[in-house]
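Heads up: the structure comes next, in C-alpha cells.
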Amino acid sequence: TVCAANGALALFVLPLSALSERFGRTRMMTWSMVIAVAVGLLVPFAPNLEWLVALRAVQGAAIAGIPASAMAYLAEEVKPKALVAAIGLFVAGNSIGGMSGRLVTGWAAQVWGWRGGLLAVGLMSLACAAAFLVLLPRARFFRPASLNPRAVGRTVSGHLRDPLLRLLYGI
1 TVCAANGALA LFVLPLSALS ERFGRTRMMT WSMVIAVAVG LLVPFAPNLE WLVALRAVQG
61 AAIAGIPASA MAYLAEEVKP KALVAAIGLF VAGNSIGGMS GRLVTGWAAQ VWGWRGGLLA
121 VGLMSLACAA AFLVLLPRAR FFRPASLNPR AVGRTVSGHL RDPLLRLLYG I
C-alpha cells in the first residue's frame, strides 16, 4: 500500500501545486490534510486488499497537496533569512512524522493487529491535523494566479528559476 500512496502522491503533486496557485496554499494544505485524514480513518475498515490499496492511493493523492503548497507557502510567508531554516524544519517534521507513523503502526499492530495499527496511526494523524488547523498562520502574501496553462507554465518556470526552490528540489 506504500507504493499506491507514494505513486499517487508523485502523480498529483504538480496538478495540486497548480491549484494551490489559484486557490491558496493554506486552503490546499487544509483540504489535503482533511481528506487524507478522513481516508486514513477509513483505511482500517477496508473489506479487502483491493479497497485497501485504492484507499491508500486516494490518501496519497490527497497528501500531495501538502508538499505542493508548503514550500511555496514558506517562500511567500517567511523572511528570506529564515527560509532555509523553515524549510529544514518542514523536511525534519516530515521525517519525524513518517518515522513515528511507522513506529506507531508497528507497535499498535503487535497489540491490536494490522487494522488496529492503521486505526492508531489514523487517530494520530487526526490529532496532528487538528493541531495544524489551529496553529497554521494565515497567509499574508499569497496572490491568486490564473489557472490557464500558460500562466501555470510561467509559474512553474518561475519556481524552477528560484535558486532557493531549485536547491530544495535538488536541481
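Residue numbers (my numbering): 1 to 171.
Note that the Cβ used here is the ideal one computed from N, Cα and C, for glycine as well.
{"Asked": "Under 7 Å, do A108 and G98 count as touching if we go by C-beta distance?", "Found": "no"}
{"Asked": "Counting Cβ pairs closer than 8 Å, one from the stretch 121–141 and one from the stretch 48–65, do we hit at least three?", "Found": "no"}
{"Asked": "Are the CB atoms of R25 and A139 nearer to each other than 7 Å?", "Found": "yes"}
{"Asked": "At a threshold of 6 Å, does N94 count as lining the ligand GTP (C-beta to nearest heavy atom)?", "Found": "Among the components of this structure there are no ligands whatsoever, and the ligand GTP is therefore not found."}
{"Asked": "Specify, as a first and last residue, the run of the alpha helix (DSSP H) that S69 falls within.", "Found": "65–77"}
{"Asked": "Rounded to whole angstroms, what's the CA-CA distance from A127 to G101? Just pull it up for me.", "Found": "12 Å"}
{"Asked": "Which whole-angstrom value is the C-beta distance of A129 and M33, which I expect to be below 8 Å?", "Found": "5 Å"}
{"Asked": "Kindly indicate which three-state DSSP category T105 falls into: helix, strand or coil?", "Found": "helix"}
{"Asked": "Measuring alpha carbon to alpha carbon, tell me which of A68, V37, E21 ends up nearest P149.", "Found": "E21"}
{"Asked": "Measuring alpha carbon to alpha carbon, tell me which of N48, A4, L19 ends up nearest P144.", "Found": "L19"}
{"Asked": "Note down the Cα distance separating V84 from M28, rounded to an integer number of angstroms.", "Found": "22 Å"}
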